[in-house]
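Working notes for the structure below.
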Amino acid sequence: MSTAKVELTLTPEGRHLAFSKEMLEVAHVFRRAGGEGSPWQRVAINARSPYLDTDVFAPGTHLEYYVQYETQQGSPEERSHIVGTTTGLL
């Protein structure tokens, strides 16, 4: 089980993801829209925390995120748990 943590908070600007990142760690943010059958997309390379996703989606779209950590040499280290939300229905 992963010990890497990511927190998702909804803000008026978008979806705010907060995660820990050590000085030499590389952190990539992945997102999928639409649920389990949808592919994961890398939306940020070597991201800083907090990361703000401001992409617009249709109301009712289910979004999920995780953070993949790598070494400076590009070797996978750890992956966070998945966090998710559904865009608001206006």
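Residue numbers (the working numbering): 323 to 412.
Glycine is no exception: its CB is placed at the ideal position from the N, C-alpha and C atoms.
Please read all numbers here as calculations on a predicted model, not as lab measurements.
- Across the structure, residue 339 and residue 371 are spaced so that their CA atoms are roughly 7 Å apart.
- Residue 364 sits exposed, since fewer than 16 C-beta atoms from the chains shown fall within 10 Å of its C-beta.
- Closest in C-alpha terms to residue 346, from the list 335, 329, 368, comes 368.
- When the five nearest sequence neighbours on each side are left out, the beta carbons in the same chain lying within less than 8 Å of the beta carbon of residue 326 are those of 341, 342, 389, 391, 400, 401, 402, 403, in order along the chain.
- For residue 385, the enclosing beta strand (DSSP E) begins and ends at 384-392.
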